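Position one of the sequence shown corresponds to residue 1 (UniProt numbering), numbered consecutively onward.
Cβ coordinates follow ideal geometry from the N, Cα and C atoms, glycine included.
Only a predicted model underlies this, so the values are computations on that prediction, with no experimental measurement involved.
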Amino acid sequence: MDSVLLAVATTIGRLRGEVPREARIVYEAMNSPSVSKPGRKMYRGLRTDDTVSMDDARVLLQQHGIGWVATTYDTGEQALRALNDALADDSKVAIVPVDGGHAVVAAVDSRAHTVRFDDSYPAAAVRGPRPREVSLDDFVSSWGIARFGLVIAELAAELAAERAGEPASPPKPWTMVSPRRESTRGVIK
């Protein structure tokens, strides 16, 4: 599966608590219009060399109630600081471009000098099993080629509240929501 789609599925899983099946996320991408390739769908399928753009990934995440902020940094030091800040907050997920693909960062271990990834590390970048862990130096070197791009994803309600400077209020459980007045017309009492 395309590394961007894998990162999208991993992000949805981390923020929503349930990772969508591969078939579901592929289906969504194959049936959603592309914002980066007008007149086409986001993805042509698993048996093609097609890739999903990050602009299309943003739309897929929005369909799941997830927003993001994308930033590039001038130095690895600035980027690592922002990455560590995001990783310290459980309500956020960090996606980075590495080795010609995109991956979700699980942790940066400064003592062991390593970076760990969720299962989203691009398979095309390695032979054999995907690395779950790489050295910090190798990571920063690969990341720097992509101008230290960093996408911080979080649930859209939390992102909107953060931008407004207010804490996000939890949604009401469906049992607390009253029916709309017009939907009660015609109800037999």
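Here G17 is not near T72, since their CB atoms are 8 Å or more apart. Taking V26 as the centre and dropping the five residues before and after it, the same chain places the C-beta of M1, L5, Y43, G45 and L46 closer than 8 Å to its C-beta, in chain order. For D109, there is no enclosing alpha helix (DSSP H); the residue is part of the beta strand (DSSP E) that begins and ends at G101 to D109. The Cβ neighbour count for A9, taken over all protein chains shown within 10 Å, is at least 16; the residue is labelled buried. Remark: C-beta atoms of I95 and A153 approach each other more closely than 8 Å. For P20 and M30, the gap between their C-alpha atoms comes out near 15 Å. Residues of the same chain with a CB within less than 7 Å of the CB of P33, apart from the 5 flanking positions on each side, are K41 in chain order. In the structure shown, L61 falls within a helical segment according to DSSP collapsed to helix, strand and coil.
Leaving aside the five residues that flank S135 on each side, the residues in its chain whose CB is nearer than 7 Å to its CB run, in chain order, H113 and T114. Nearest Cα to G65 within the set A103, I12 and A107: I12.
Under DSSP, K92 forms a beta bridge with E154. One Cα belongs to A86, the other to V104, and the distance between them is close to 12 Å. F117 has V105 as its beta-bridge partners, per DSSP. DSSP places A146 in the coil class of the three-state scheme, outside both helix and strand. The criterion of a C-beta distance shorter than 8 Å is not satisfied by V140 and A70.
Taken through DSSP and simplified to helix, strand or coil, G76 comes out as helix.
If you check the CB distance, W143 and A79 come in under 8 Å.
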